[in-house]
Amino acid sequence: MLKKVYLEITDSCNLECEICYRHQWVQEPVDMNESLWKNAVKQIRMNKTIETVVLGGMGEPLVSPFFAKTVELLRDKQIWVTSNATLFKEHLAKDIVSKIHLFVVSCDGMEQQMVKGRGVVFDELMANIDHLNRLKEEMGFETPYLDIQFVASKKNIDDIFPLMDILAEKKVRNLVISHLLPQLTEQADDILYSRYENREMKEKFHKIRNYSFRKGLRIIFPEVELKTERKCAFVNNDATYITSRGEVVPCYRLSHQGSEVVFGRYKTLKQYSFGNLNEKSLNEIWNDKEYVKFRNKIYNNHYPSCPDCDLVDGCSLIHDVDFDCHGESPNCADCLWARKFVFCN
């Protein structure tokens, strides 16, 4: 049963972050048009099995003209919002905040790192988080919960200690560390994870964990070295993703055209859609035999694994996601999300 929907009401954003996947897109960002938006929201409301709706995707949901109305119409679902938090003061009021279960806010470091990497003034970001907490206090609500997502790389990992000092005072539920997934070869050396034993990062994460205990912060850590286990958060959580153009795609990685660099190997990404809401219903697409077959394959791990394959350096299939070496499409064999190097919300 379909339980979770990522609804991309826009794939536009008010920022141009240095590490954003959107830099490699072919199509221009767009807001979901009103007809499609009404259709998507109506189908989600009517579907009794859907428990959670994530407003986010690859855009900043607060720039959408339909953000507030979407929250209002889907208030019977558990609403999560992924955001850069720069528009909280402008767009968040009590009637909106009261209907949201969780905010996941991106913050990748302290003052210098945030200005350079995101064009965001750190103190202004913290003031926006204070605004959210003030609204919660005035209403006497524990929710929406606040998670902070930190994309870790060699450039910013040491910022996490002073950042924890501040976040400990901001009523943060979880600090989620997710690794950098490079889109360009020049970013490849910035990663902190490896294919083989990684004692340096194990020790670093051990220090971060101990520091977080003293600060009363709960941290969710990614893997630091390649493990055999693979779990797709989308498939395991019965989730799907609706893009701003109505395409129903299986996950973040296959939601848009772009690129990634996996352990030094450049790869072209393509959108993989199982159907469009302008042509079929969400239930029809979710229950389509090809989509069901895909989910079963991923859930049961019946697909190849590129990072630990002896032939990977001489393989031509690693350069895109068209087919894997079993002849199956799309190619998920190189997915670092399933390896827990990168986290979905």
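As numbered in this note's numbering, residues 121 to 465 make up the sequence shown, in order. Think of the CB as a built atom: it goes at the ideal place given N, C-alpha and C, for glycine as much as any other residue.
For residue i, does the count of other Cβ atoms within 10 angstroms reach 16, so buried, or fall short, so exposed?
i, result
"Glu306", "exposed"
"Lys110", "The chain is shown only over 121 to 465; residue 110 falls outside these bounds and no answer can be derived."
"Leu431", "exposed"
"Tyr83", "In this structure the chain extends from 121 to 465, so residue 83 is not present and cannot be described."
"His376", "buried"
"Thr360", "buried"
"Met259", "exposed"
"Ser436", "exposed"
"Arg459", "buried"
Grab me the residues of residue i's own chain with a C-beta within less than 7 Å of its C-beta, minus the 5 sequence neighbours each way, in chain order.
i, result
"Asp428", "Leu346"
"Tyr423", "Lys417, Asp444, His446, Glu448, Cys452, Ala453"
"Gln391", "Glu367, Val369, Leu374, Ser375, His376, Gln377"
"Leu337", "Met284, Leu287, Ala288, Val292, Leu295"
"Trp406", "Leu122, Thr360"
In chain order, what residues of the same chain lie with their CB nearer than 6 Å to the CB of residue i, ignoring the 5 residues before and after it?
i, result
"Ser273", "Leu300, Asp310"
"Gly366", "Leu156, Asn396, Leu397, Asn398"
"Tyr126", "Val174, Gly177, Tyr361"
"Asn253", "Lys291"
Should residue i be listed as close to the ligand MN, given that the test is whether its C-beta is under 8 Å from any heavy atom?
i, result
"Asn134", "Among the ligands in the structure shown, none appear at all, so the ligand MN cannot be discussed."
Let's see if you can read the secondary structure: which residues bound the beta strand (DSSP E) around residue i?
i, result
"Tyr126", "124-127"
"Lys390", "Careful: Lys390 lies outside any beta strand (DSSP E) and carries neither H nor E."
"Leu175", "172-175"
"Ala272", "265-272"
"Glu380", "378-382"
"Ala359", "359-362"
"Leu431", "Element bounds for Leu431: n/a, residue is neither H nor E."
"Val296", "294-299"
"Phe223", "222-226"
Just the Cα atoms here: how many angstroms apart are residue i and residue j?
i, j, result
"Pro342", "Arg350", "13 Å"
"Asp243", "Glu448", "48 Å"
"Glu180", "Val191", "14 Å"
"Ile466", "Gly434", "Lying outside 121 to 465, the shown extent of the chain, residue 466 is not represented and no answer is given."
"Leu467", "Ala205", "Residue 467 is absent from the structure shown; the chain starts at 121 and stops at 465."
"Thr363", "Lys162", "16 Å"
"Leu456", "Arg315", "11 Å"
"Met386", "Arg238", "First, the residue type needs correcting, since residue 386 is Tyr and not Met in the sequence shown. Going from the Cα of Tyr386 to the Cα of Arg238 covers about 24 Å."
"Lys322", "Tyr313", "10 Å"
"Ser203", "Met166", "26 Å"
"Glu138", "Cys464", "19 Å"
"Leu245", "Ile129", "23 Å"
"Glu380", "Val146", "14 Å"
"Asp278", "Glu231", "13 Å"
Return the first residue and the last residue of the alpha helix (DSSP H) that residue i is part of.
i, result
"Tyr331", "319-335"
"Gln163", "154-166"
"His446", "Looking at the DSSP string, His446 is not in any alpha helix (DSSP H), and its letter there is neither H nor E."
"Val201", "Element bounds for Val201: not the alpha helix (DSSP H) but the beta strand (DSSP E), 198-203."
"Phe208", "208-211"
"Phe261", "No alpha helix (DSSP H) holds Phe261; DSSP gives it neither H nor E."
"Leu283", "280-287"
Taking the alpha carbon of residue i as the reference point, which residue from the options has its own alpha carbon closest?
i, options, result
"Leu156", "Leu389, Phe463, Leu402", "Leu402"
"Thr263", "Arg459, Lys275, Lys291, Gln269", "Lys291"
"Glu317", "Val344, Leu437, Arg195", "Val344"
"Cys371", "Gly176, Lys158, Glu154", "Gly176"
"Thr388", "Ile277, Met166, Pro302", "Pro302"
"Leu374", "Pro450, His221, Arg338", "Pro450"
"Asp215", "Ala188, Ser436, Trp200", "Ala188"
"Cys96", "Trp145, Arg415, Leu266", "No information on residue 96 is available, as it lies outside the stretch 121 to 465 that the chain covers here."
"Lys275", "Gln269, Met234, Ile268", "Met234"
"Ala247", "Glu128, Ser218, Phe325, Glu210", "Glu210"
"Val355", "Lys413, Val382, Asn330, Glu404", "Lys413"
"Phe223", "Val201, Glu380, Lys324", "Val201"
"Gln466", "Leu304, Lys400, Arg334", "No answer is possible for residue 466: it lies beyond the span of the chain, which begins at 121 and ends at 465."
Ignore the nearest five residues each way along the sequence and tell me which others in residue i's own chain have a CB closer than 8 Å to its CB.
i, result
"Glu171", "Lys123, Lys124, Lys197, Gln198"
"Pro185", "Asp151"
"Glu154", "Phe186"
"Glu410", "Phe394"
"Met121", "Thr169, Asp358"
"Ile249", "Ala205, Phe208, Val225, Leu266, Lys290"
"Val462", "Ser298, His299, Leu301, Pro342, Leu456"
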